[in-house]
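Here the numbering used here is used: position 346 in the sequence shown is 346, and no number is missing along the way.
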Amino acid sequence: MTKRRSRGDGGLHWDERRQRWIATANLGFDPSGKRIVRRGSGKTKTEAKNKLKEVLRDYEDGLAIAPTNYTVADAVNDWLAYGLAGRDPRTVENCTYLSRKHVVPALGARKLRDLSAEDVDRWLAAKAKVLGTRTLQAVHSCLNRSVKRAMARDKVKRNVVELCAVPQGQAGRPSKALTFVQAGAVLKAAEGTSMYAYIVVALLTGARTEELRALTWDHLFLKGRPDADPPQPPHMAVWRSVRRGGDTKTRKSRRTLALPARCVEALWRQFEDQGWERLAAGNDWEEHGLVFASAVGKPLDATNVRRAFRVALKAVEGIEADDWTPRELRHSFVSLLSDRGVPLEEISRLVGHSGTAVTEEVYRKQIRPVIQTGAVVMDGIFKRGLER
């Protein structure tokens, strides 16, 4: 005679409609008084019993028991919906793209409780063949944080993603720097375009693109302060960026830079051109006080700048415009200063790095052991080589 199950052991019955054995477990009541029932199904009694044992084992371990059909995609979607609250919109957009593009298609259908470290290792190995190392680290982070959130909410016992190391990905596109001759050709080709002042300031000061897009006229002192003690030359205060909260990348990124004469000239022209744009836009103009803005005063995004920059480069002979990005004007600034003898410590201060290690690591192909300083050197370079 079949032994009767003890109270709390759950039940086992045949479901005629589904043509499967169903194991059930009553796990008490939720805060609203509704009975908590979890089910496991199988084609055989043994399979259904094993599912029931797994449910009961999880319950004894103190888990609230995730539905047996809770998948990796469910965990990722939950993290995207609730785990990124308060983050910068661009961070949310980037995490969403990486998760939808790389995580969900490959692992999304896998039941979370069945996800193994081997599954993650194979997934990372496959992605390492097509993704760069930094992107690989980012997609691993998306999955890791999703599963960690699910584990904190009793959807799974442990986070197997944390057990998996990120392999080496594909080499990224190496950054480039303009030579002196190329820099002169770029400045000449950019004249008359909407990007002229931006290119001049980026190339001759080394400011980051996110710093220039947030630069306001209030932070520009094109006449300098000759009455100050000591007198101050024309300069700009790099104190803001388009990052969340408006802060610069690091504390040391907040800096005040003297402006080479060519920058001052280009910025006065920019000020005049923007006045005409404001007049032409009329009521459509949105005043944000930005030095570099759209034709109606709106902030520029990275795509706007990259597109306009490449258009300006198309007239430069010997340069493939689509192979260059605005941030490489910053690399070019470092390279030109290094070639003219500016020491590494001074270059680090000018570009707002927290230390020389970052400058040396990123720009090690251009850095030389040298001696001198920023705006004065740039003035000398471009006055001698680019007289009009």
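Where is the CB? At the ideal position from N, CA and C, for every residue including glycine.
Everything numeric in this text was worked out from a predicted model, so none of it was measured.
Start-to-end residues for the beta strand (DSSP E) that takes in residue i
{"i": "V238", "result": "235 to 238"}
{"i": "T256", "result": "255 to 258"}
{"i": "G172", "result": "Per DSSP, G172 belongs to no beta strand (DSSP E) and is neither H nor E."}
{"i": "H13", "result": "11 to 15"}
Residues near residue i in its chain [Cβ-Cβ closer than 8 Å; skip 5 each side]
{"i": "A228", "result": "none"}
{"i": "L98", "result": "T135, A138, V139, C142"}
{"i": "P226", "result": "Q232"}
{"i": "L84", "result": "T91, V92, C95"}
{"i": "A23", "result": "G10, G11, L12, R39, G40, S41, G42, A48, K49, K51, L52, V55"}
{"i": "D284", "result": "V296"}
{"i": "N144", "result": "N159, V161, E162"}
{"i": "N304", "result": "S294"}
{"i": "N69", "result": "K111"}
Close beta carbons around residue i, own chain, < 6 Å, minus the five adjacent residues each side
{"i": "R255", "result": "V238, G352"}
{"i": "P233", "result": "G224, A258"}
{"i": "M378", "result": "L204, P260"}
Within-8 Å CB hit, residue i to chain B
{"i": "G86", "result": "Here chain B cannot be found, since the structure has a single protein chain."}
Residue j beta carbon less than 8 Å from that of residue i
{"i": "A75", "j": "V120", "result": "no"}
{"i": "L336", "j": "F180", "result": "yes"}
{"i": "T325", "j": "R306", "result": "yes"}
{"i": "A150", "j": "L112", "result": "yes"}
{"i": "A281", "j": "G297", "result": "yes"}
{"i": "L212", "j": "Y198", "result": "yes"}
{"i": "G289", "j": "T216", "result": "yes"}
{"i": "S332", "j": "A177", "result": "yes"}
{"i": "S241", "j": "A214", "result": "yes"}
{"i": "H310", "j": "A295", "result": "At residue 310 the sequence reads Arg, which differs from the His that was named. No."}
{"i": "S116", "j": "E328", "result": "no"}
Spatial neighbours of residue i in its chain, beta-carbon cut-off 7 Å, leaving aside the 5 residues before and after
{"i": "L222", "result": "P234, V264, L267, W268"}
{"i": "V200", "result": "L187, R262, C263, A266"}
{"i": "R110", "result": "T71, V72, D119"}
{"i": "W14", "result": "W21"}
{"i": "E286", "result": "V296, G297, K298"}
When the options are compared against residue i, the one with the closest alpha-carbon
{"i": "V291", "options": "E47, K314, S194", "result": "S194"}
{"i": "T46", "options": "L143, Y97, L12", "result": "L12"}
{"i": "G341", "options": "F309, V130, V376", "result": "V376"}
{"i": "F382", "options": "L80, A185, N144, G132", "result": "A185"}
{"i": "R39", "options": "G33, N50, P31, S32", "result": "N50"}
{"i": "E210", "options": "T44, P31, P299", "result": "P299"}
{"i": "T433", "options": "S338, R173, M236", "result": "Since the first residue of the chain shown is 1 and the last is 388, residue 433 is not available in this structure."}
{"i": "R330", "options": "S348, F271, A321", "result": "S348"}
{"i": "R18", "options": "T44, Y82, S32", "result": "T44"}
{"i": "A183", "options": "P31, A312, A25", "result": "A312"}
{"i": "L220", "options": "F271, P343, G33", "result": "F271"}
{"i": "R208", "options": "D154, Q274, L344, A302", "result": "A302"}
Residue interval of the alpha helix (DSSP H) (run including residue i)
{"i": "D121", "result": "117 to 128"}
{"i": "W268", "result": "261 to 281"}
{"i": "L136", "result": "133 to 152"}
{"i": "F292", "result": "Counting along the chain, F292 falls outside any alpha helix (DSSP H), and DSSP gives it neither H nor E."}
Residue i: CB within 7 Å of a non-hydrogen atom of the ligand FMN
{"i": "V139", "result": "The ligand FMN is not part of this structure, which contains no ligands at all."}
Open item on the list: I want to know whether the stretch 201 to 220 touches the stretch 262 to 269 - three or more CB-CB distances under 8 Å.
Closed with: yes
- [ ] Decide yes or no for the touch test of the stretch 162 to 173 against the stretch 114 to 124: beta carbon pairs closer than 8 Å, at least 3 of them.
- [x] yes
Open item on the list: Below 8 Å, how does it come out for the stretch 132 to 150 and the stretch 91 to 103: are there three or more Cβ pairs, yes or no?
Closed with: yes
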